Amino acid sequence: MRRFVTIALAVLATARLAFAPQPVMAADEPVVVTDIAGRTGTLPRPAMRVLLAEGRQIIALSLLVPKPIDFIAAWLGDFRRNDSESYAQYRRKFPEIDQVPVLGIGSDGTFPVERAIEIRPDVAVLGVSFAPGGRANDVARQLEAAGIPVVFTDFFVAPFEHTVASVRILGRVIGRDARANEFAEFYEQHMRRIAEHVARAAGPRPRVLLETHAGVADCCHAPGAGNIGRFVTFAGGDSISASVAPGPTAQLSLEYVISANPDVYIGTGGAHLRASGGLVIGPGFEAATIRERLAAVVARPGFAGLNAVRSGRVHGLFHNIIATPLNIVAAEALVRWIDPQTARDIDPDATLAELNARFLAVPLQGVYWIDQK
């Protein structure tokens, strides 16, 4: 356990060194930025019109500026489609959000490059699936050939490793270095606190089943060793899916889950599972409704005998928070569930309140994590 914590702290330290604070730049000064793919480029000035290839990155923007809508020249439709209740929160504060051009439904396979070129953003901020070697790398090539600078960030594929660096990249691109560094320091401080707690923990790690998009199908879609699986390990858990898949995702059979017999069950969900009968959680849902859905999820055949269900260690987590810089509160919720007796000093509710007060242009309002009981 101590070895993983040492590695995790090294990841945070590397991000800090790689994106050290930069002096505040004038509005007409060139911007030199190194993106998450390791490419260094120069913008003629801080970007005012940003194309977001991942609409959910509006949450990262909202940490940096009080009116993120003003910076979005166009975006893909994943935020509105996959997180409709959060989108509604932004619409209530910024009604003009509906006027932002939508380039596609939120898949790199539907990215209309020609339309993006017509809009002429100052920069295109793309996820790593658009990077060289990614499944949609030709999009970046075409944009750059048309004279549109491209910068890669990553809050989705490897959020544990890349969240802090990606916030700093975005801050650099729009000329908000100081604000990005302020958030990065906040994030790193909270992650260090978790790491120090886990390093002091005694005994074997609890076995954890984290089921993503819980309840939409038979058991069980889960993270592998990557993606949110890294957060489970960081928070002191032994993810039963990590050994099955070294990458970001795994598909577990019910027989495997029963044999692994997890001590802790965590299901993720959101408004996107409303129609399918899966776990709903997050803005727009009351705690009683969430608990009803969570109870139904673990009432599926084979779950009743699991240690986690018999001992009442069943929890729900808002899925979409993982692929944003707000995954820090997810990490804190995880450590509270994995080690409830000694992690009482870690308080994700207080962390969220501070994020709302200090950083977010649109405060998070809703139930983002919950215990079944």
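According to mature numbering (1 follows the signal peptide of the UniProt record, and there is no 0), the stretch in the sequence shown is residues -26 to -1, 1 to 347, in order.
The beta-carbon is built from N, C-alpha and C at its ideal position, and this holds for glycine as well.
Small disclaimer: the values here were computed from a predicted structure and weren't measured.
Between F157 and G279, the alpha-carbon positions lie close to 43 Å from each other. Per DSSP, reduced to three states, the secondary structure at Y342 is coil, with no helix or strand assignment. Scanning its chain for C-beta atoms nearer than 7 Å, with the 5 sequence neighbours on each side dropped, one finds around A234 the residues R181 and I214, in chain order. Counting along the chain, no beta strand (DSSP E) covers I33; the unbroken alpha helix (DSSP H) around it starts and ends at I32 to L38.
The Cβ atoms of T127 and V172 lie no closer than 8 Å to each other. Just so you know, the alpha carbons of G251 and L268 end up roughly 10 Å apart.
In the DSSP annotation of this structure, F277 is not part of any beta strand (DSSP E), being labelled neither H nor E.
By the neighbour-count criterion, in which 16 or more other beta carbons inside 10 Å mark a residue as buried, S103 falls on the buried side. In this structure, DSSP gives I232 a helical state, which the three-state scheme calls helix. When DSSP states are grouped into helix, strand and coil, I10 belongs to the coil group. Sorting A169, A224 and A176 by C-alpha distance to the C-alpha of L184 places A224 at the top.
Around the beta carbon of P236, 16 or more other beta carbons sit within 10 angstroms, so the residue counts as buried.
Beta-bridge analysis with DSSP links L184 to I240.
In this chain, F45 is not harboured by any alpha helix (DSSP H), its DSSP state being neither H nor E. DSSP places A175 outside both helix and strand once states are collapsed to three, so it counts as coil.
A contact between stretches requires three or more CB pairs, one per stretch, nearer than 8 Å, and the segment 38 to 50 meets this requirement with the segment 5 to 23. The continuous stretches of alpha helix (DSSP H) do not include A120, and DSSP gives it neither H nor E. Separation of V87 and E260 (C-alpha to C-alpha, rounded to the nearest whole angstrom) is 40 Å.
Segment contact: the segment 69 to 76 against the segment 7 to 20, fewer than three CB-CB distances shorter than 8 Å; contact not assigned. At the C-beta level, G203 and A191 stay beyond 8 Å of one another. Scanning the segment 124 to 164 for uninterrupted beta strand (DSSP E) segments of 3 residues or longer gives 124 to 126, listed from N- to C-terminal end. Looking at the DSSP output, V76 sits in a beta bridge with W49. In this structure, C194 keeps its C-beta atom at 8 Å or more from the C-beta atom of V141. In terms of Cα proximity to I264, the closest of N155, K347, I32 and D57 is K347.
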